[in-house]
Amino acid sequence: MILNTGKPAAPAKGASPVAGKNGHSIINERPKPMMAGLKTVETKMKPKTAPAAKLPPPSEDPERIARARERAQTLIMPILAILFVGLFWELYSSRDGVVLPGPIATIKGSWNLIAHPWFDNGPNDKGLGWQLLSSLARVGIGYSLAAVLGVLLGIIIGKSVMAFKALDPIFQVLRTIPPLAWLPISLATFNKADPSAIFVIFITAIWPIIINTSVGILRIPADYENVAKVYQLRGSRYFFKVMLPSAAPYIFTGLRIAIGMAWLAIVAAEMLTGGVGIGFFIWDSWNSSRMSDIIVSVVYVGLIGLTLDRIVAKIASLFGTRGD
Amino acid sequence: MDAAGKTGDAVKDRLAENEAKFVDISGVHKLFGSGKSRYHALAGVDLRIAKGEFVSIIGHSGCGKSTLLNLVAGLYLPTTGSVAVNGKEVTEPGLDRAVVFQSHSLLPWLSVLDNVLVAVDSVYPEKSREFRLEEAKKFVEMVHLTPHMNKKPGQLSGGMKQRVGIARAFAADPQVLLLDEPFGALDALTRGSMQDELTTIWESNRKTVMMITHDVDEAVFLSDRIVLMSNGPAAVIAKVVEVPIPRPRTREALLEDSHYLEIRKELLHYLIGTGHAAAA
């Protein structure tokens, strides 16, 4: 954090011949010698060898080619890997006695599910889109509650030694409890499936948020604390100008771990609580031996989990940037 | 008539006395830790700084000079003894004692202007936003950073960062300016130009200054008085050297001045001597 991370833009560009802004600023500062220099060069040179002729055309610019190649690799390599895994899977499934349908059989068998995510034939027969949406809604509520309460509790135990000593042992025990272990307690308390599943999400997501936030608060550099003391930053100004930005990278780490855990927990919780939701849909498919539906659902669960993680990471990168 | 004149004189005397010991450090001991890890940093330090005086404190590293500055800043409290500024006991940090930190300590998520605004907002909480912005811009201009005022500290060079630190300290409108090795982290060339800039600002705006440094030339160039600290632990003030070189000072004039080499030699002799003692 205290390291000099703030000047990545400066060095590399100056060296390249197409030095955009950096080159410009140098020219702006000292226009005359540069122009004079160019003129003398031009008059000495034959008109045919203009400076532009020395540069390779854009299509042959080695730096550009290298970049294009790199981009192609990051695109092509994963596709190759997916094809390879698919091929392996297809070969395995085509053997005798294997229940698992191959990729082609999966797409054929569940085409209705893939093609029509938004069908709705009553409460017990809905498209995958609805199933995922109701799971996301539960995660959204549980996770939001966990985020708000987790950050608040994290700040309190990060700022108060007394609160830390009192609550830390309790948190350390509670955070190791697997999400599903909370479900019976939750069902007994709420007597309903939906709030119970939301509570499981909440209780799963809150620990990494609390713990990372409190660590972030504890690690506010002494330098910033001294600035706040000398220049009288108090109350809300201290909160928004020193504490929150300083702890933000830690808070977002917690939030990112938490969203992953929440999404992991929802599938398991829904399998037990039933109703509309991707977890119960998978369980229901298993009970009706619709293997291809399970595979399609699992792929969707993975893709949504990845998307959630990326969204939180993106928000974090908007707040977490800090150069010293 | 007579009685009134006498009370007038008494008030004047008290004012004069107050100005002579604007910063009043008396009998200060500072201990850190307890038991076996107890460290006696300062052992009975007495120092008075007059109003408008520029005093440097110089000594080997670990001699407790930063501790002394933090005591005046109110970031530490003395174990025994007392520190007072303008007749008021120091019990906590405050805007009347602005600090320029060695590590510049700018808030990296705020722009140059916002970093200066942090101090201005604290000085004038009741004034309008426009007024405070104008005030902050004035101090950014004072250190010639107006073209960079919207940049983040990460985009600035070391010298520019420290100039923001200086602007922030002046923006707090302090009674005493505390400089904690302000140029220690800068290269020699930048340091020279920063010293020139600081003298120019100081000449036009004679704040009381207490500066920690380990650069002898810097101390002689900037100070009215130089305080030499003995080596820690249990550091005390070993020697106080007056710098009777007329102001405004320039580097060229300094080289001509008969006092300059003498003072420089005196300081170096002391530092080299104590350095050997510390090494032995």
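Protein chains in written order, with my numbering: chain A, 25 to 348; chain B, 632 to 911.
We treat Cβ as the ideally placed atom computed from N, Cα and C, and that holds for glycine.
Keep in mind that this is a model prediction, so the values were computed, not measured.
So that I know if they touch, is there some Cβ in chain B lying closer than 7 Å to that of residue i?
| i | result |
| --- | --- |
| LYS253 (chain A) | yes |
| PRO269 (chain A) | yes |
| ASN250 (chain A) | yes |
| ASP247 (chain A) | yes |
| GLU53 (chain A) | Residue confidence is low: GLU53 (chain A) scores 40 on pLDDT, short of 50, so the model does not pin down where it sits. Its coordinate-derived value is still stated next. Answer no: the Cβ-Cβ gap between GLU53 (chain A) and chain B never drops below 7 Å. |
| LYS45 (chain A) | With a pLDDT of 39 at LYS45 (chain A), under the threshold of 50, the modelled position of this residue cannot be trusted; read the value that follows with caution. By this cut-off, LYS45 (chain A) is not an interface position. |
Is DSSP giving residue i helix, strand or coil here?
| i | result |
| --- | --- |
| ALA865 (chain B) | coil |
| TYR670 (chain B) | strand |
| GLU761 (chain B) | helix |
| THR839 (chain B) | strand |
| ILE688 (chain B) | strand |
| ALA767 (chain B) | helix |
| GLY61 (chain A) | Below a pLDDT of 50, predicted positions are generally treated as unreliable, and GLY61 (chain A), at 40, falls in that range; the measurement from the model is reported next regardless. If DSSP states are grouped into helix, strand and coil, GLY61 (chain A) belongs with the helices. |
| SER729 (chain B) | The residue asked about is misnamed: residue 729 (chain B) is Ala in this sequence, not Ser. It is a strand residue. |
| LYS189 (chain A) | helix |
| LEU914 (chain B) | This structure cannot speak to residue 914 (chain B), because chain B is shown only from 632 to 911. |
| GLU834 (chain B) | helix |
| VAL795 (chain B) | helix |
| PHE814 (chain B) | coil |
| LEU678 (chain B) | strand |
| LYS386 (chain A) | No information on residue 386 (chain A) is available, as it lies outside the stretch 25 to 348 that chain A covers here. |
| VAL721 (chain B) | coil |
| HIS735 (chain B) | coil |
| HIS660 (chain B) | strand |
| MET860 (chain B) | strand |
Please report how far the alpha carbon of residue i lies from the alpha carbon of residue j, in whole angstroms.
| i | j | result |
| --- | --- | --- |
| LEU173 (chain A) | THR237 (chain A) | 11 Å |
| ASP644 (chain B) | ALA651 (chain B) | 10 Å |
| LEU820 (chain B) | PHE276 (chain A) | 41 Å |
| GLY298 (chain A) | GLY121 (chain A) | 32 Å |
| VAL163 (chain A) | LEU169 (chain A) | 10 Å |
| ARG95 (chain A) | MET101 (chain A) | 10 Å |
| ALA816 (chain B) | SER734 (chain B) | 7 Å |
| GLN826 (chain B) | ILE328 (chain A) | 58 Å |
| THR710 (chain B) | LYS338 (chain A) | 49 Å |
| PHE923 (chain B) | VAL867 (chain B) | With chain B covering 632 to 911 only, the question about residue 923 (chain B) has no answer from this structure. |
| VAL322 (chain A) | ALA90 (chain A) | 37 Å |
| LEU330 (chain A) | LEU137 (chain A) | 21 Å |
| VAL654 (chain B) | ARG334 (chain A) | 56 Å |
| ALA271 (chain A) | LYS661 (chain B) | 32 Å |
| VAL254 (chain A) | ASN215 (chain A) | 54 Å |
| LYS783 (chain B) | GLN806 (chain B) | 28 Å |
| LYS183 (chain A) | ILE244 (chain A) | 10 Å |
| ILE894 (chain B) | GLN786 (chain B) | 39 Å |
| SER158 (chain A) | VAL300 (chain A) | 7 Å |
| ILE290 (chain A) | GLY166 (chain A) | 10 Å |
| VAL914 (chain B) | THR777 (chain B) | Residue 914 (chain B) falls outside the range modelled here, since chain B spans only 632 to 911, and no answer is possible. |
| ALA221 (chain A) | PRO202 (chain A) | 14 Å |
Under the rule that 16 or more other beta-carbon atoms within 10 Å means buried, what is residue i, buried or exposed?
| i | result |
| --- | --- |
| TRP206 (chain A) | buried |
| ILE903 (chain B) | exposed |
| THR228 (chain A) | buried |
| ARG88 (chain A) | exposed |
| ARG822 (chain B) | buried |
| PHE937 (chain B) | Outside the shown range of chain B (632 to 911) lies residue 937 (chain B), about which nothing can therefore be said. |
| ASN746 (chain B) | buried |
| ALA33 (chain A) | Confidence is the limiting factor: at ALA33 (chain A) the pLDDT is only 39, short of 50, which leaves the residue's position unreliable, though a coordinate-based value still follows. Result: exposed. |
| GLY639 (chain B) | exposed |
| GLN793 (chain B) | buried |
| SER210 (chain A) | buried |
| ILE230 (chain A) | buried |
| TRP287 (chain A) | buried |
Which chain A residues are close to residue i, counting only those with a beta carbon under 9 Å from its beta carbon?
| i | result |
| --- | --- |
| ALA729 (chain B) | VAL254 and TYR255 |
What residues from chain A crowd round residue i, counting only those whose CB sits closer than 7 Å?
| i | result |
| --- | --- |
| PRO724 (chain B) | LYS253 and VAL254 |
| ALA803 (chain B) | TYR255 |
| SER734 (chain B) | ASP247 |
Closer than 9 Å by beta-carbon distance: list the chain B residues that pair up with residue i, in chain order.
| i | result |
| --- | --- |
| LYS265 (chain A) | LEU738, TRP740, LEU741, ASP745 and VAL749 |
Against chain A, does residue i count as a neighbour if the rule is that its beta carbon must be under 7 Å from one of theirs?
| i | result |
| --- | --- |
| SER665 (chain B) | no |
| LEU702 (chain B) | no |
| SER788 (chain B) | no |
| SER759 (chain B) | no |
| SER861 (chain B) | no |
| SER944 (chain B) | Nothing can be reported for residue 944 (chain B): it is not among the residues displayed for chain B, which extend from 632 to 911. |
Please compile the residues from chain A whose C-beta is within a distance smaller than 8 Å of the C-beta of residue i.
| i | result |
| --- | --- |
| LEU706 (chain B) | ASN250, LYS253 and VAL254 |
Cβ of residue i less than 7 Å from any chain E Cβ?
| i | result |
| --- | --- |
| LYS758 (chain B) | Protein chains A and B are contained in the structure displayed, whereas chain E is not. |
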